[in-house]
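**Q**
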Amino acid sequence: MPPKKAKQSPQPFTFQIFDDIDGDFCEEEVLVRLIHFWEARNFKRGNILMGLELLLIDSQSNAVQGFISANRLFHYEEHLKRSSIYKLKKFMITPAKKNYKVSDHKHGICFTEKIN
491 MPPKKAKQSP QPFTFQIFDD IDGDFCEEEV LVRLIHFWEA RNFKRGNILM GLELLLIDSQ
551 SNAVQGFISA NRLFHYEEHL KRSSIYKLKK FMITPAKKNY KVSDHKHGIC FTEKIN
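Taking this note's numbering, I'd label the letters of the sequence shown as residues 491 to 606.
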């Protein structure tokens, strides 16, 4: 009788955390919870919508501020739900904002059209 093969356990998920990412563009997956989002408007220019500001938390409780520009909203707007968990991939890494800063993290993230 041949020996039974041990069941292989599925490989654990490996996600980056915000403290480990660096550079200008992240292609690895980051697992985040969307805590809150709100509209960013320019009141000096007729109250035009600039985009959505996001507050995101990764698996190690690192909070990061994110931004989706108004011209990219149609891709994401209907899928955004507070307290939902998302896998982010292919986003720009930016220095943290100096004005209207809601997170102490050194980076911010920005959703982009860049695919490479």
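Even for Gly, the Cβ is constructed at its ideal location relative to N, Cα and C.
Model, not experiment: these values are computed from the prediction.
What are the boundary residues of the alpha helix (DSSP H) that L563 is part of?
**A** Within the sequence shown, residue 563 is the residue found at index 73, counting from 1. Unbroken alpha helix (DSSP H) run through L563: L563 to Y566.
**Q** The beta strand (DSSP E) with N532 in it runs from where to where?
**A** What you label residue 532 is simply residue 42 of the sequence shown in a count that begins at 1. First-last of the beta strand (DSSP E) with N532: V520 to N532.
**Q** Distance, Cα to Cα, K588 vs Q555?
**A** Counting from one through the sequence shown, the residue named residue 588 turns up at place 98. Counting from one through the sequence shown, the residue named residue 555 turns up at place 65. When rounded, the distance between both Cα atoms is 11 Å.
**Q** Run the CB neighbour count on G598, radius 10 Å, all protein chains shown included, and call it buried at 16 or more, exposed below.
**A** Taking the sequence shown and counting its residues from 1, one reaches residue 598 at position 108. When all chains shown are included, G598 counts as buried.
**Q** How many Å lie between F527 and I538 at the Cα?
**A** On the sequence shown, residue 527 is found 37 positions in, with the first residue counted as 1. On the sequence shown, residue 538 is found 48 positions in, with the first residue counted as 1. Cα-Cα distance, rounded: 17 Å.
**Q** For a test of the three-state rule: what should DSSP assign to K494, helix, strand or coil?
**A** What you label residue 494 is simply residue 4 of the sequence shown in a count that begins at 1. With a pLDDT of only 49 at K494, under 50, the local geometry of the prediction cannot be trusted, and the value read off the model is given with reservation. Here K494 sits in coil by DSSP.
**Q** Helix, strand or coil for H597 per DSSP?
**A** Within the sequence shown, the letter at position 107 stands for residue 597. Correct three-state label for H597: strand.
**Q** Give me the residue from S593, E519 and D510 with the minimum Cα distance to I575.
**A** Along the sequence shown, read from residue 1 onward, the residue named residue 575 stands at position 85. Of the candidates S593, E519 and D510, the one whose C-alpha sits nearest the C-alpha of I575 is E519.
**Q** Looking at the structure shown, is A586 part of a helix, part of a strand, or coil, going by DSSP?
**A** Working through the sequence shown from its first residue, we reach residue 586 at position 96. Coil.
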